[in-house]
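Worksheet: the structure to be examined is printed underneath.
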Amino acid sequence: MKTHHIAGVAAIAFGLLTLISGGSALFGLVDMGAVVPFVLWFNFLAGFAYVIGGRLLMIGHRLALPVALTILIANATVFAVFGWRVFVGDAFEARTVGAMTFRTAFWVAMVWASVRRS
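Here is the structure:
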């Protein structure tokens with residue numbers, strides 16, 4: 000199995016897990032504590048993009064790289080705005096820092112896999 004296949008499957012799985020966890024928090028199925036609403040909404044909606052980006056990567060589509068790069072930039076931007084909100088004193092859950100770090104690093108790896116493919 001090639002790198003882009005494995006990366007694509009991982010991105011699809013990550014997207015589905017993101018949709019499940021984000022949807023559960025958004026629709027009141029679980030209490031996540033001091034969530035930051037714009038981060039929660041972004042992550043939930045990004046789950047759809049993760050699935051699409053993963054599928055494009057899995058099949059080696061020419062749009063896999065621009066989609067992965069767009070997701071990476073969007074994640075990094077939301078992470079930076081979240082960091083600013085933390086800096087000015089907004090309530091947050093510490094696990095959000097870890098989750099956003101992981102998401103950003105994950106999409107760096109997906110961009111790398113896309114570059115290797117193109």
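If you read the sequence shown in numbering that gives the first Met the number 0, its first letter stands for residue 0, the second for the next number, and so on. Note that the Cβ used here is the ideal one computed from N, Cα and C, for glycine as well.
With distance defined between alpha-carbon atoms, name the residue in 14, 43, 22 nearest to residue 67. The residue you call residue 67 lines up with position 68 of the sequence shown. The residue with the shortest Cα to Cα distance from residue 67 is 14.
Residue 11 to residue 71, Cα distance in whole Å? Position 12 of the sequence shown holds residue 11. Position 72 of the sequence shown holds residue 71. Using only the alpha carbons, I get a separation of about 15 Å.
Name the residue from 92, 45, 57, 64 whose alpha carbon lies nearest to the alpha carbon of residue 74. Stepping through the sequence shown from its first residue, residue 74 is reached at position 75. Comparing Cα positions, the closest option is 45.
Buried or exposed for residue 28, please, with buried defined as at least 16 other CB atoms from any protein chain shown within 10 angstroms of its CB. Taking the sequence shown and counting its residues from 1, the one referred to as residue 28 is at position 29. Under this definition residue 28 is an exposed residue.
Residue 110 versus residue 96 - alpha carbon distance: Stepping through the sequence shown from its first residue, residue 110 is reached at position 111. Stepping through the sequence shown from its first residue, residue 96 is reached at position 97. If you take the alpha carbons of residue 110 and residue 96, they lie about 21 Å apart.
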